[in-house]
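Asks: Let me begin by handing over the structure; questions about it come next.
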Amino acid sequence: MKQLKNIILFSALVVVCLGFKPTKSPNQSIFGNIEKEYRLSKSFNFYSQEKDTSKWVAPAEADNLKNPIDVNEETLTEGSNIYKINCRSCHGRKGDGTGVEAADLNSIVTDFTNSDFLKQTDGAIFWKIAEGRIMKEKNAQGKDDMEAFKDDLEEEEIWLLVNYIKTFSIEEDK
Ligand code: HEC
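See below:
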């Protein structure tokens with residue numbers, strides 16, 4: 197008799213539970229969750245910006261610019277001094293793009309030891325330093341990540357930098 201009572205109670209419980217079945221089909225709620233997570237990840241990216249990895253190419257005319265500076269110990273030392281003041285905070289002590297400011301930028305700081313970087317002409321490198329890159333998003337300082345240096349540096353100083361930053365791939369220690 198007690199057993200029968202238990203069976204009835206159990207059945208009643210099952211009926212009650214089935215009554216509270218969710219009205220949405222399971223598929224719908226799964227999509228709902230995916231969409232929610234997607235939205236969450238997007239709003240997260242709003243704070244931890246995805247880096248802009250699009251390629252930056254100098255105009256073809258830049259290849260015709262002639263580098264007037266000889267590469268020797270003296271000119272490389274001059275280049276190194278200008279680099280320390282203006283470039284090292286982003287491009288890093290070893291020119292590999294790991295300067296202290298790099299992580300806070302919207303774009304990836306170029307690694308000067310990379311073979312793609314070295315495939316360019318001196319003129320193209322000069323042009324990029326002089327003109328900078330206009331970015332879609334400004335950085336925390338309200339500036340482009342790679343700013344134009346033509347107003348801050350003399351042409352000769354930019355050529356000294358061109359020669360110097362090409363040496364990161366061959367020299368071990370700076
Ligand atoms: C505030 C950070 C910052 C500073 C300071 C900075 N750069 Fe950059 N630089 C970048 C970033 C970021 C890029 C990558 C831009 C891109 O490709 O979108 C870059 C790219 C370059 C490139 C182009 C490389 C390539 O192959 O496309 C050259 C050359 C360069 N920098 C030289 C310099 C020199 C020389 C200085 C100092 C006078 C300097 N940069 C200072 C952030 C910086």
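The numbering of the sequence shown is the numbering used here, which starts it at 197 and goes up by one.
The beta carbon of each residue, even a glycine, is placed where N, CA and C say it ideally should be.
1) Assuming residue 194 contacts residue 284 under a Cβ cut-off of 8 Å, what Cβ separation, rounded to an integer in Å, is found between them?
2) Can you list, in chain order, the residues of its chain with a C-beta nearer than 8 Å to that of residue 330? Leave out the 5 residues immediately preceding and following it.
3) Sort out for me which residues DSSP pairs residue 340 with in a bridge.
4) Can you tell me the Cβ-Cβ gap for residue 323 and residue 264, rounded? I've got them flagged as a contact below 8 Å.
5) Can you find a heavy atom of ligand 1 that lies under 6 Å from the Cβ of residue 306?
6) As a quick exercise: from 313, 261, 349, pick the residue whose alpha carbon is nearest that of residue 251.
7) How is the alpha helix (DSSP H) around residue 326 delimited, first residue to last?
8) At a threshold of 6 Å, does residue 261 count as lining ligand 1 (C-beta to nearest heavy atom)?
9) Specify, as a first and last residue, the run of the alpha helix (DSSP H) that residue 275 falls within.
Replies: Let's see:
1) Outside the modelled stretch of the chain, which goes from 197 to 370, sits residue 194, for which no answer is possible.
2) If the five residues before and after residue 330 are omitted, its C-beta is found closer than 8 Å to the C-beta atoms of 340, all from its own chain and listed in chain order.
3) Note: residue 340 sits in no beta bridge, so no partner.
4) A Cβ-Cβ separation of about 15 Å leaves residue 323 out of contact with residue 264 under the 8 Å criterion.
5) Closer than 6 Å to some heavy atom of ligand 1: that describes the Cβ of residue 306.
6) For residue 251, the closest of 313, 261, 349 by C-alpha to C-alpha distance is 313.
7) 318-327 is the span of the alpha helix (DSSP H), which, as asked, contains residue 326.
8) False, no ligand heavy atom lies under 6 Å from that Cβ.
9) Where residue 275 is concerned, the enclosing alpha helix (DSSP H) starts and stops at 269-282.
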